[in-house]
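What follows is a short report on a single structure.
Numbering (the numbering used here), first residue to last: 18 to 154.
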């Protein structure tokens, strides 16, 4: 599953124009990774992404996506998707290998070949689809 980097950046630019006219957009484009920060939101695309500590919504697409300690929500797609150390917002994740770990205080929607949820779930809906699903916590 590959989401073109340019499509994600187009979405980021549209959100920036519509909702963050007064916010300063920050853009990083290094090799195979592009990251756009608009206010508290982060939009990222690349082959291997490792994002951490974002307080707003994190949107990420790549071959391997790892999001650590997000205090906001996460929307991620990739071959391997890992959300580590919980989240304070909803998590939407799709990929071949999806894992979510830690305290999650929002809904979790996960789909993949292998889905592992090792969470302290504190509220919201949990919906998981896959060939191999593991749920602990």
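Ideal Cβ positions, reconstructed from N, Cα and C, are used throughout, including at glycine.
1. Just to confirm before moving on: does the CB-CB distance between residue 13 and residue 135 stay below 8 angstroms?
2. Quick one, are the C-beta atoms of residue 79 and residue 68 less than 8 angstroms apart?
3. Curious, which full-length beta strand (DSSP E) runs of at least 3 residues does the stretch 89 to 141 contain?
4. For residue 155, count neighbouring C-beta atoms within 10 Å of its own C-beta (all shown protein chains included) and say buried if the count is 16 or more, exposed if not.
5. Pull up the distance between the alpha-carbon of residue 103 and that of residue 84, whole angstroms please.
6. Taking the beta carbon of residue 62 as the centre, do at least 16 other beta carbons fall within 10 Å, making it buried, or is it exposed?
7. So, helix, strand or coil for residue 151, using DSSP?
8. Sorted by chain position, which residues of the same chain lie with C-beta nearer than 6 angstroms to residue 105's C-beta, five sequence neighbours on each side aside?
9. Quick one: what does DSSP say residue 79 is sitting in, helix, strand or coil?
The structure says:
1. Given a span of 18 to 154 for the chain in the structure shown, any question on residue 13 remains unanswerable.
2. no
3. 91 to 101, 108 to 121, 125 to 138
4. Residue 155 lies beyond the range of the chain shown here (18 to 154); nothing can be said about it.
5. 9 angstroms
6. buried
7. strand
8. The residues are 88, 122.
9. It is a strand residue.
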